[in-house]
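Going line by line, the protein sequences match chains A and B. With our numbering, you'll find the first sequence wraps up at 270, consecutive numbering, no jumps. With our numbering, you'll find the second sequence wraps up at 270, consecutive numbering, no jumps.
Number of protein chains: 2
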Amino acid sequence: MYVILVYDIEESRVAKILKICRKYLKWVQNSVLEGEISRVSLKKLQLELKRAINEEEDSVIFYILRTTKYMKKEIMGQEKGGFDNIL
Amino acid sequence: MYVILVYDIEESRVAKILKICRKYLKWVQNSVLEGEISRVSLKKLQLELKRAINEEEDSVIFYILRTTKYMKKEIMGQEKGGFDNIL
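See below:
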């Protein structure tokens with residue numbers, strides 16, 4: 184499956200959260216990571232994040248795609264992270 | 184179609200960019216909007232943004248889904264924006 188992860192994390196926890204996310208996904212832009220990931224790895228990522236965030240203050244959204252066949256990605260302006268064409 | 188938009192915009196332009204995006208999509212989190220949008224409206228949105236951003240400094244990514252049938256959205260921690268179940 185393919186995951187787009189966006190987070191909104193309190194400053195003091197950002198570095199830690201980003202480090203966790205980077206183990207599983209590719210950084211593409213400020214607060215955004217994406218990548219192919221297995222169901223098991225996604226569960227691991229979510230477990231690690233659950234322990235690291237403050238659920239009263241932070242927010243993480245996972246867009247989980249069973250296939251990228253129906254998705255197109257378009258970038259306007261700077262391409263910040265590494266980018267493989269996912270289609 | 185369904186669009187997830189994430190932006191990374193220089194501070195001085197954020198308010199203007201957000202205002203444009205909000206005309207077409209729903210704010211869900213810091214720097215993230217999403218929503219159903221027609222092809223024509225998406226083109227309009229992209230045109231407005233192209234005029235408003237600085238392409239040397241800013242970045243906007245559009246994840247354009249032909250269908251949300253294969254997408255699941257999971258939120259961890261705070262749900263910041265209004266949220267309709269998209270499935």
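Glycine included, C-beta positions come from ideal geometry on N, C-alpha and C. Quick caveat, the model's predicted, so the values are computed rather than measured.
Which one of the options has the shortest CA to CA distance from residue i?
i, options, result
"ARG222(B)", "THR250(B), GLU238(B), LYS202(B)", "THR250(B)"
"SER195(B)", "GLU219(B), ILE236(B), GLN229(B)", "ILE236(B)"
"TYR185(A)", "ASP191(A), LEU225(A), GLY260(A)", "LEU225(A)"
"TYR207(A)", "LYS199(A), GLY218(A), ALA198(A)", "GLY218(A)"
"GLU238(A)", "ILE200(B), ALA198(B), ILE258(B), TRP210(B)", "ILE258(B)"
"SER242(A)", "GLN229(A), TYR253(A), GLY264(A), MET254(A)", "GLN229(A)"
"PHE180(B)", "ASP191(A), PHE245(A), GLU240(A), MET254(A)", "In this structure chain B extends from 184 to 270, so residue 180(B) is not present and cannot be described."
"VAL215(A)", "VAL197(B), LYS233(B), GLN261(B), TYR190(B)", "TYR190(B)"
"TRP210(A)", "ILE187(A), LEU232(A), LYS227(A)", "ILE187(A)"
"ILE247(B)", "GLU240(A), LEU248(A), LYS256(A)", "LYS256(A)"
"GLY264(B)", "ALA198(B), ARG205(B), LYS199(B), ILE200(B)", "ARG205(B)"
For chain B, find out if any of its Cβ atoms is closer than 8 Å to the Cβ of residue i; answer yes or no.
i, result
"ILE258(A)", "yes"
"SER195(A)", "no"
"SER221(A)", "no"
"LYS202(A)", "no"
Can you pull the chain A residues whose beta carbon is under 9 Å from the beta carbon of residue i, in chain order?
i, result
"LYS226(B)", "Simply none; closest approach about 11 Å."
Counting only Cβ pairs nearer than 7 Å, list the residues of chain A close to residue i.
i, result
"ARG249(B)", "TYR253"
Kindly indicate if chain A contains any beta-carbon less than 8 Å away from that of residue i.
i, result
"LYS233(B)", "yes"
"TYR246(B)", "yes"
"ILE187(B)", "yes"
"LYS199(B)", "no"
When DSSP labels each residue in this structure, what does residue i get in the three-state scheme?
i, result
"ILE187(A)", "strand"
"LYS233(A)", "helix"
"LEU248(A)", "strand"
"LEU216(A)", "strand"
"ILE200(B)", "helix"
"SER195(A)", "helix"
"LYS263(A)", "coil"
"SER242(B)", "strand"
Determine whether the Cβ of residue i lies closer than 8 Å to any Cβ atom of chain C.
i, result
"LYS226(B)", "Going by chain labels, chain C is absent from the structure shown, which instead holds the protein chains A and B."
So is the beta-carbon of residue i under 7 Å away from any non-hydrogen atom of the ligand SAH?
i, result
"GLY264(B)", "As presented, the structure is devoid of all ligands, the ligand SAH included, so that no description of it is given."
In chain order, what residues of the region 205-219 of chain A put their CB closer than 9 Å to some CB of chain B?
VAL211, GLN212, ASN213, SER214, VAL215, GLU217
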